[in-house]
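The block underneath contains the structure these notes are about, expressed in structure tokens.
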Amino acid sequence: MKTDSLDLSPFVLDYFSTISQDDLKKDVFPKYPEVFNLIAQSRGFGIPWQYKKAAESNKVDQHMFFFESNLGKQYTGNPRYIYERMIERYPNYTYVWCYAGNEKIPGDPIIVDRASAEYYNFLARSRFIINNTTFPLWYHRPETFYFQTWHGTPFKRLHWDISSRPLEKRSTPEFYVKSTKWDALLSPNHYSTEIFQSAFRYEGEIVEYGYPSNDIFYDKRRYSNVREKIRAKLGVQNDNAPIYLYAPTWRDGKHLGNSMFEFNLMLDPFKFIEHAPEDAILLIRSHHMSSSDDKLTSLAGRVIDVSGWDDAIELMCAADVLITDYSSIVFDWYCSLKPVIYYVPDYDQYVGSVRGAYFELSEQRAGEICYTEEELLQTLPKVLKDNSPEYKDFYKTFCVIHDGNSSDRVIDYLLSR
Numbered sequence: 001m002k003t004d005s006l007d008l009s010p011f012v013l014d015y016f017s018t019i020s021q022d023d024l025k026k027d028v029f030p031k032y033p034e035v036f037n038l039i040a041q042s043r044g045f046g047i048p049w050q051y052k053k054a055a056e057s058n059k060v061d062q063h064m065f066f067f068e069s070n071l072g073k074q075y076t077g078n079p080r081y082i083y084e085r086m087i088e089r090y091p092n093y094t095y096v097w098c099y100a101g102n103e104k105i106p107g108d109p110i111i112v113d114r115a116s117a118e119y120y121n122f123l124a125r126s127r128f129i130i131n132n133t134t135f136p137l138w139y140h141r142p143e144t145f146y147f148q149t150w151h152g153t154p155f156k157r158l159h160w161d162i163s164s165r166p167l168e169k170r171s172t173p174e175f176y177v178k179s180t181k182w183d184a185l186l187s188p189n190h191y192s193t194e195i196f197q198s199a200f201r202y203e204g205e206i207v208e209y210g211y212p213s214n215d216i217f218y219d220k221r222r223y224s225n226v227r228e229k230i231r232a233k234l235g236v237q238n239d240n241a242p243i244y245l246y247a248p249t250w251r252d253g254k255h256l257g258n259s260m261f262e263f264n265l266m267l268d269p270f271k272f273i274e275h276a277p278e279d280a281i282l283l284i285r286s287h288h289m290s291s292s293d294d295k296l297t298s299l300a301g302r303v304i305d306v307s308g309w310d311d312a313i314e315l316m317c318a319a320d321v322l323i324t325d326y327s328s329i330v331f332d333w334y335c336s337l338k339p340v341i342y343y344v345p346d347y348d349q350y351v352g353s354v355r356g357a358y359f360e361l362s363e364q365r366a367g368e369i370c371y372t373e374e375e376l377l378q379t380l381p382k383v384l385k386d387n388s389p390e391y392k393d394f395y396k397t398f399c400v401i402h403d404g405n406s407s408d409r410v411i412d413y414l415l416s417r
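End of the sequence shown = 417 in UniProt numbering, gap-free, step of one.
Now the structure itself:
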């Protein structure tokens, strides 16, 4: 249903005006998000008073950019790399970051806490607001340009494309309403563009510029510098020590509340040490929506928990092999042309009843597929010998736009708006 094709008569709007906001959210929202969207807009839902007050009393600063990644938890993703290129090209602009971590952000931006009065104040004053998830806003002032970068090429099914869970139990309706407020959506490839249109029911502008976060894989000097820096920061003293990065996605069926999901380590670290090449190191990075695993501290030096590490791209530069499952990280990894192992012991359950995937993993030929821990352990040493994997078809589908200039394309586009 197209939002702009809906025409709610004054009688209908008047009828809905008698229903409380809570009842609308409970009864109308899950089943008819498009209708709720128009009703909410007419009644001013989703506009925090701090934002409204700031918008009423301040003009938009044409040179102010507001950035946020992963709900303000991390300095990472496409917003990070757009920002870092921005401060090189336009150091005199005003930059604001919503960030709650400890990483030192270059360029000395203004730092704000999410959902604070200061947060809404700068959101209302910024010409451009840039996020890889969503802001807690259902509307923004028309002078502001909301640029959605998203955070990966889809492997697992998203939002409206998920058929295994009842609509009422999904965040889909609320996400839909928020996504209609994006002024443009960044896509890394045409494959993703088509999925975004289906999964988000997104009808706005989509720009296929590639992901700025992947620019580093096309700059040999920068890549080498980051690789050396991160390996040293991790305490890796042997330059030849192979690093395996285990980065699985979160599991919908293990919800802990507050948008967090249980993380169960499906790979035994002790068995990894026993079967992996000598001096090999395992980095374990749980998804930012997953809990971490306290059992990892006993294996310091050979097995390192990097779940608290803000930026996955840095870890990907340091690593030699990726071990993953249904995570979109694999499509960014393809840009590096380094070996990948798909470790999917719960494949039938995950694809069949939990969430689903956009393609059959068994049909792809861009990495080793392991359905059991035993298969994985046997694959660990031999995958290092294949340091030039055949990614041809997958690279053409998922990485062909990437050339090291995605950040500049995005910036030029934004400044032309």
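Yeah, the Cβ is synthetic: ideal placement off N, Cα and C, and Gly gets one too.
Hey, how far is the Cα of residue i from the Cα of residue j?
i	j	result
residue 207	residue 132	15 Å
residue 265	residue 368	20 Å
residue 359	residue 212	25 Å
residue 268	residue 411	44 Å
residue 85	residue 405	10 Å
residue 398	residue 82	20 Å
residue 204	residue 304	42 Å
residue 274	residue 286	22 Å
residue 322	residue 277	15 Å
residue 401	residue 57	42 Å
residue 94	residue 87	9 Å
residue 201	residue 160	8 Å
residue 422	residue 155	What the structure shows of the chain is the stretch from 1 to 417, and residue 422 is not part of that stretch, so it cannot be assessed.
residue 168	residue 174	Residue placement at residue 168 cannot be trusted, given a pLDDT of 39 that sits under 50; what the coordinates show is reported in the next sentence. If you take the alpha carbons of residue 168 and residue 174, they lie about 11 Å apart.
residue 123	residue 104	22 Å
residue 197	residue 188	14 Å
residue 110	residue 301	36 Å
residue 80	residue 73	12 Å
residue 62	residue 143	9 Å
residue 256	residue 416	The predicted position of residue 256 is uncertain, since its pLDDT is 43 and thus under 50; no value can be drawn from it.
residue 281	residue 394	28 Å
residue 235	residue 210	32 Å
residue 347	residue 371	7 Å
residue 145	residue 67	12 Å
First and last residue of the alpha helix (DSSP H) that includes residue i?
i	result
residue 82	77-89
residue 111	Element bounds for residue 111: not the alpha helix (DSSP H) but the beta strand (DSSP E), 110-112.
residue 216	Here residue 216 belongs to no alpha helix (DSSP H), and DSSP marks it neither H nor E.
residue 267	Residue 267 -> no alpha helix (DSSP H), and no H or E assigned at all.
residue 406	406-415
residue 56	49-57
residue 332	329-333
Check residue i in the structure and name its three-state DSSP category.
i	result
residue 127	strand
residue 246	strand
residue 147	strand
residue 93	coil
residue 342	strand
residue 319	coil
residue 193	helix
residue 206	strand
residue 351	helix
residue 303	strand
residue 397	helix
residue 105	coil
residue 156	strand
residue 379	helix
residue 162	coil
residue 187	strand
residue 288	Any answer about residue 288 is weak, because its pLDDT of 44 lies below 50 and its placement is not dependable; what the coordinates show is given next. If DSSP states are grouped into helix, strand and coil, residue 288 belongs with coil.
residue 232	helix
residue 100	coil
residue 223	helix
residue 403	coil
residue 359	coil
When burial is assigned at 16 or more other CB atoms within 10 Å of the CB, is residue i buried or exposed?
i	result
residue 97	buried
residue 259	Low confidence applies here, because residue 259 scores a pLDDT of 47, under 50, leaving its location unreliable; read the following figure in that light. That one is exposed.
residue 331	buried
residue 178	buried
residue 337	exposed
residue 270	exposed
residue 140	buried
residue 396	exposed
residue 91	exposed
residue 248	buried
residue 107	exposed
residue 153	buried
residue 121	buried
residue 77	buried
Measuring only between beta-carbons, confirm whether residue i sits less than 8 Å from chain E.
i	result
residue 148	Going by chain labels, chain E is absent from the structure shown, which holds only one protein chain.
Just to confirm the assignment, what range does the beta strand (DSSP E) spanning residue i have?
i	result
residue 63	61-68
residue 368	368-370
residue 283	281-284
At a cut-off of 7 Å, would you count residue i as near the ligand COA, judging by its Cβ distance to the nearest heavy atom?
i	result
residue 135	Here there are no bound small molecules, and the ligand COA is not part of this structure.
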